[in-house]
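Chains A and B supply the protein sequences, listed in that same order. For the record, in the first sequence the residue sitting at position 21 is 21 according to my numbering, with numbers rising by one throughout. For the record, in the second sequence the residue sitting at position 9 is 123 according to my numbering, with numbers rising by one throughout. Ideal Cβ positions, reconstructed from N, Cα and C, are used throughout, including at glycine. Note that this is a predicted model, so its numbers are computed, not measured.
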Amino acid sequence: NAGVTQTPKFRILKIGQSMTLQCAQDMNHNYMYWYRQDPGMGLKLIYYSVGAGITDKGEVPNGYNVSRSTTEDFPLRLELAAPSQTSVYFCATLRDESRTDTQYFGPGTRLTVL
Amino acid sequence: KQEVTQIPAALSVPEGENLVLNCSFTDSAIYNLQWFRQDPGKGLTSLLLIQSSQREQTSGRLNASLDKSSGRSTLYIAASQPGDSATYLCAVRPGFGNEKLTFGTGTRLTIIP
């Protein structure tokens, strides 16, 4: 089991460029999440999905888009990169079949927008 | 809106000491509370999950407590080791059917050998 994988690990973008952050899981979890973590801050939820074909906005969705065509993949799209999107992005999954289920996190993608 | 606070933001203690990390939340209507560990440049790893009906959970040298009425949780680490150095975050889940977590800003812990 690879768990939750994210690519790329690092990326530098110029203002106005676009990119897609990839997230994949092999645990067959229904729920998937995208968070961003700014220095010294907690995690802020960008978007989440409760299953293939279903997505919803989190706390900070502006400037981002997502899709969920399969259970395994949940890509995050940045259309017009801005310096305010410089952050570390984490993908997470959740099975949620038990009261003790917890979220599993990927290793993160460190994005710098210059 | 739920707000989760962790104070202090950073803590340094000598190896071997027992220590307590604090987490407070503004809305006591929670489903569960979790403590996560984050190593530099890595993702989060779940340490302990306390359900709303529980008072505490233990795993090895770690003990987490929950007092919903006062909106507080603590993570107790016994006999600290240099390998415990990391950032510790708490997160609350609002309710059944709501799978979104609200995270605190974390406490960066350094254990001094």
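Cβ shell of residue i (< 6 angstroms), same chain only, five flanking positions each side left out
{"i": "B:E213", "result": "none"}
{"i": "A:L45", "result": "Y35, G58, E59"}
{"i": "A:V88", "result": "Q37, G108, R110"}
Three-state secondary structure (DSSP) of residue i
{"i": "B:D198", "result": "helix"}
{"i": "A:Q6", "result": "strand"}
{"i": "B:S160", "result": "strand"}
{"i": "A:P39", "result": "coil"}
{"i": "A:P107", "result": "coil"}
{"i": "B:P154", "result": "coil"}
{"i": "B:S138", "result": "strand"}
{"i": "B:P128", "result": "strand"}
{"i": "B:Q120", "result": "coil"}
Cβ distance (whole Å) where residue i is taken to contact residue j below 8 angstroms
{"i": "A:V4", "j": "A:N30", "result": "Wrong, their Cβ atoms sit about 14 angstroms apart, outside the cutoff."}
{"i": "B:A205", "j": "B:F150", "result": "7 angstroms"}
{"i": "B:R169", "j": "B:I191", "result": "Incorrect: roughly 18 angstroms between the Cβ atoms, too far for contact."}
{"i": "B:T216", "j": "B:Y202", "result": "That belief does not hold up - the Cβ atoms of B:T216 and B:Y202 are roughly 16 angstroms apart, past 8 angstroms."}
Chain B contact for residue i (CB, 7 angstroms cutoff)
{"i": "A:T102", "result": "yes"}
{"i": "A:L111", "result": "no"}
{"i": "A:G106", "result": "yes"}
{"i": "A:G42", "result": "yes"}
{"i": "A:D56", "result": "no"}
{"i": "A:L45", "result": "yes"}
{"i": "A:R99", "result": "yes"}
{"i": "A:L94", "result": "yes"}
Within-7 angstroms CB hit, residue i to chain A
{"i": "B:E213", "result": "yes"}
Min CB distance residue i to chain E below 7 angstroms
{"i": "B:G218", "result": "In summary, chain E is missing from the structure at hand, where the protein chains are A and B."}
8 angstroms Cβ shell around residue i - same chain, five flanking residues per side excluded
{"i": "B:V127", "result": "L133, S194, L223, T224, I225, I226"}
{"i": "A:C23", "result": "V4, T5, Q6, M32, W34, D73, F74, P75, L76, C91, G106"}
{"i": "A:D56", "result": "Y47, Y48, S49, V50"}
Residues of its chain near residue i, where Cβ-Cβ distance is below 7 angstroms and the 5 sequence neighbours each way are ignored
{"i": "B:S199", "result": "L223, T224, I225"}
{"i": "B:P243", "result": "Nothing about residue 243 of chain B can be reported from this structure: the residues present for chain B run from 115 to 227 only."}
What residues in the region 153-179 of chain B have a beta carbon less than 7 angstroms from any beta carbon of chain A? K156, G157, L158, S160, L163, Q165
Members of the region 125-151 of chain B near chain A, C-beta cut-off 9 angstroms: Y145, N146, Q148, F150
Using a Cβ cut-off of 8 angstroms, which residues of the region 72-90 of chain A contact any Cβ in chain B, in chain order? F90
Output needed in chain order: residues of the region 26-37 of chain A with a Cβ under 7 angstroms from some Cβ in chain B. Y31
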